[in-house]
Structure formats: structure tokens, C-alpha cells
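Numbering (the working numbering), first residue to last: 1362 to 1472.
Heads up, the thing below is written out as C-alpha cells.
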């Protein structure tokens, strides 16, 4: 939020597939149509999955899938996704799941 207030374009990526909560923290839970897995699988384009936080110019959320398994995404796909996000955003903030298992490895792959 502070970065967006400074005029930076920021995307928050929730990588906790199956247990997302960043949307709730940001108050955006009712605005989610598509998610990270939809983008990876090609169900939708990235721009359709991004949820703009109307309170802050330049702040967007890419939510995790709530009803999918954490193995729905692999580290190579996360690298490709973050490379695409780098073209459009000044900052990419990745919300990692707890632990050091598959979900965490996905999250850090694109860092």
C-alpha cells in the first residue's frame, strides 16, 4: 500500500493455493473471478485475474486458487508468471504459504 501511495505499480501475489487469505486481508474477497491457477492453465488472461484495489491507485492482487491443490502450479510456471509480471509492475510482492513444502518452493522460484 505504501509503495502504491508513492506512485508505484504494485502486484500482490497470493501463492497459498487452497488456503488463500490475502484477498480477505485486503477486503477484496468479493471481487475475485479468476485466480493464479486460471492464469497458469490458460483459462484466462493475466489482466482478467488481477483484482484492482480501488482504494489505492496502482495496487493489484493476483489471488491464489481456493479450491485447487497446491501441486496445480510448478516452480517453472511461477518463474514464467513473475517474468510476465515484471514487464508491467514496479514491485511484485509474493505472499508465501507456511512451511517449506511445494507451495513455498513455488513462491520462491519466481523471486
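Note that the Cβ used here is the ideal one computed from N, Cα and C, for glycine as well.
Just so you know, these numbers come straight off a predicted model, no measurement behind them.
Straight-line CA distance for residue 1362 to residue 1445?
Translated into positions along the chain shown, residue 1362 becomes position 1. Translated into positions along the chain shown, residue 1445 becomes position 84. The C-alpha of residue 1362 lies about 21 Å from the C-alpha of residue 1445.
Quick check: the Cα distance between residue 1415 and residue 1466, rounded to an integer number of angstroms?
In the chain shown, the residue the question calls residue 1415 occupies position 54. In the chain shown, the residue the question calls residue 1466 occupies position 105. When rounded, the distance between both Cα atoms is 31 Å.
Is it buried or exposed for residue 1462, if we count other Cβ within 10 angstroms and need 16 for buried?
Along the chain shown, read from residue 1 onward, the residue named residue 1462 stands at position 101. With fewer than 16 Cβ atoms within 10 Å of its Cβ, residue 1462 is classed as exposed.
Suppose you measure from the CA of residue 1430 to the CA of residue 1377; what does that come to, to the nearest Å?
As a first step, residue 1430 must be located in the chain shown, where it is residue number 69. As a first step, residue 1377 must be located in the chain shown, where it is residue number 16. Taking the straight line from one Cα to the other gives about 10 Å.
Burial state of residue 1419 (16 or more Cβ within 10 Å):
Taking the chain shown and counting its residues from 1, the one referred to as residue 1419 is at position 58. By the 16-neighbour rule on beta-carbons within 10 angstroms, residue 1419 is buried.
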